[in-house]
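Take a look at the structure set out below.
Residue numbers (our numbering): 168 to 758.
Printed below as a string of structure tokens:
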């Protein structure tokens, strides 16, 4: 590096002082959250350590065998690096044991220093994994939690997450004369300032999108509003529509426009093109005033109110409904309530990636225990709501390397701007959860599985999964880590509907649902025998190329009546209040 370049590098590094002051300021004013949400109760690690040392006393040969193997690998790698250096820095032996994209830079193999760092990290990771596997005298639940959180520690300690051991970051710092480090620190401080001192890694360029302009652009009007929702009626694109209107209830954990990102992949736009009068709910973003809003309020002021309004607008006695994720869970509870009341307002129901039987908590098991939920209870008691970033962080750490560390390295070490990616923009545009509702969901549904086992008491009655008896179509996603398809399948099996259709689409929680026919990317599976266990159902399922959307629409059309002249928003007693996507969707989450 020339003297001039070194001088510019030095000048750039002095800029760190100003940024450091901003960092100090934002961290000193950090609002924070309950400490119990940062990790499991320390009792878990104490019990694990006690169990490990008890095993060492009872079976020292086994522990010593593993330790000797670890020492041997470490010493061997050190010797290989020494030999490489004495040969004048020739390439060390390449490690072909991993396809890990974190180590894609050739220097992890060609440079003795980075090669040793990488290989030792992998050996350390294996040693920790083996140590956890060897721990006995823990319950299955404790072992599962220990495995999860030990993996979190291993992922966090990856050498790629530290500047001194990340060749990509070091190379770019030299190439840019330190500007990448300045830009990265600026990105870090900006993210902290935007979230009151909480580190929420930006996944997308927020300046690249504007609701109603280049995202969530399908034409429509808000035709009803109350304290919990805005109801959007979309403008028809066909001269005639089916008699029976369709209502989509999206999850209130996220915002509805995941179904209307852009024209090419908008399910909302596609449905209007198939000839339906479509209504979509946009939920309010809760704040401290929402403390006492519970599931019963979402059912009464959300589901039941929207259904009544749509019936009035359309002049129909029945509607078809879609519930996505948690809204699918709640739609099922609403169906149980209507069954008990003798109300036949819902003609058919479609569930997108919805869980109704929580007997297997899947990858969320580590977080659905008393120590975490007690922490959430304390958090909502103080704030009145559960901040969106806490839920988002939980989801992200299920895929930490992809959703936390990789974007953090890109933003903060390499100093790059997040990409202009609509899906990631939506992912970062979260919603808070009302305090009462969050605890009801976590305690009564997730922990106690009351809806599927014994019943969920609400509205002076007991809601049961077996009460759901309308024609039903359930869509689940093969690699969904949020609502595992087998768990969704198990819940549908317990419903009382005589007419059940179950479709398993390829891909995950979002990509499996947002899968337009034009993309021709992911296929789907069907099997009409709902008496089988999940594995047998899958083994006997027929695979179909392409999107599940047309198959579902064919199912829906049979339950949607004849064709009539298209309904225009505002042609009833409910006049337009504002254009889609409405006002509630633009409210950002509080912290």
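Every residue gets a Cβ at the ideal spot worked out from N, C-alpha and C, and that includes glycine.
- Following the DSSP letters along the chain, one finds residue 315 inside the alpha helix (DSSP H) bounded by residues 307 to 323.
- With a threshold of 16 other beta carbon atoms within 10 Å, residue 329 falls short and is exposed.
- For the 8 Å CB-CB criterion, residue 727 and residue 315 do not form a contact.
- By DSSP's assignment, residue 392 forms a beta bridge with 397.
- Within the stretch 313 to 378, not a single complete beta strand (DSSP E) segment reaches 3 residues in length.
- Per DSSP, the beta bridge partners of residue 730 are 409.
- Here residue 730 is exposed. Its C-beta has fewer than 16 other C-beta atoms within 10 Å.
- Within the model, the alpha-carbon separation for residue 743 versus residue 497 is close to 27 Å.
- Straight-line measurement puts the Cα of residue 634 at about 17 Å from the Cα of residue 487.
- In this structure, residue 514 keeps its C-beta atom at 8 Å or more from the C-beta atom of residue 363.
- Checking the DSSP bridge columns, you'll see residue 751 has no partner listed.
- One thing to note: residue 597 has its Cβ no nearer than 8 Å to the Cβ of residue 650.
- The C-alpha of residue 674 lies about 27 Å from the C-alpha of residue 599.
- Beta-bridge pairing by DSSP links residue 448 to 398.
- Under the three-state reduction of DSSP, residue 689 is assigned to coil, being neither helix nor strand.
- Cβ atoms of residue 553 and residue 546 come within 8 Å of each other, at about 6 Å.
- Leaving aside the five residues that flank residue 710 on each side, the residues in its chain whose CB is nearer than 8 Å to its CB run, in chain order, 690, 691 and 692.
- DSSP places residue 558 inside the alpha helix (DSSP H), whose first and last residues are 555 to 564.
- Three or more Cβ pairs drawn from the stretch 465 to 474 and the stretch 497 to 508 lie within less than 8 Å of each other, which places the two stretches in contact.
- Using a C-beta cut-off of 8 Å, the stretch 368 to 384 makes contact with the stretch 577 to 586, since at least three inter-stretch Cβ pairs fall below that distance.
- Taking all protein chains in view, the Cβ of residue 640 is crowded by 16 or more other Cβ atoms within 10 Å, so the residue is classified as buried.
- The Cβ atoms of residue 621 and residue 630 do not sit closer than 8 Å to each other.
- Nearest C-alpha to residue 406 among 387, 443 and 574: 443.
- Excluding the 5 residues flanking it on each side, residue 715 has same chain C-beta neighbours closer than 8 Å at 642, 670, 672, 682 and 691, in chain order.
- Of all alpha-carbon atoms in 276, 493 and 686, the one lying nearest the alpha-carbon of residue 416 is that of 493.
- Residue 434 places its beta carbon 8 Å or farther from that of residue 413.
- If you look at residue 474, you'll find it in the alpha helix (DSSP H) that goes 472 to 481.
- The continuous stretches of alpha helix (DSSP H) do not include residue 626, and DSSP gives it neither H nor E.
- Contact annotation: residue 272 and residue 334 have beta-carbon atoms nearer than 8 Å.
- In this structure, the beta-carbon distance from residue 448 to residue 394 does not fall below 8 Å.
- Residue pairing by DSSP places residue 600 opposite 553 in a beta bridge.
- Here DSSP, grouped into helix, strand and coil, assigns residue 613 to helix.
- In the same chain as residue 753, and ignoring 5 residues on each side of it, the C-beta atoms closer than 7 Å to its own belong to 378, in chain order.
- Where residue 670 is concerned, the enclosing beta strand (DSSP E) starts and stops at 667 to 672.
- Around the beta-carbon of residue 185, fewer than 16 other beta-carbon atoms lie within 10 Å, marking it exposed.
- Ranked by Cα distance from residue 593, the options 344, 313, 290 and 376 are led by 376.
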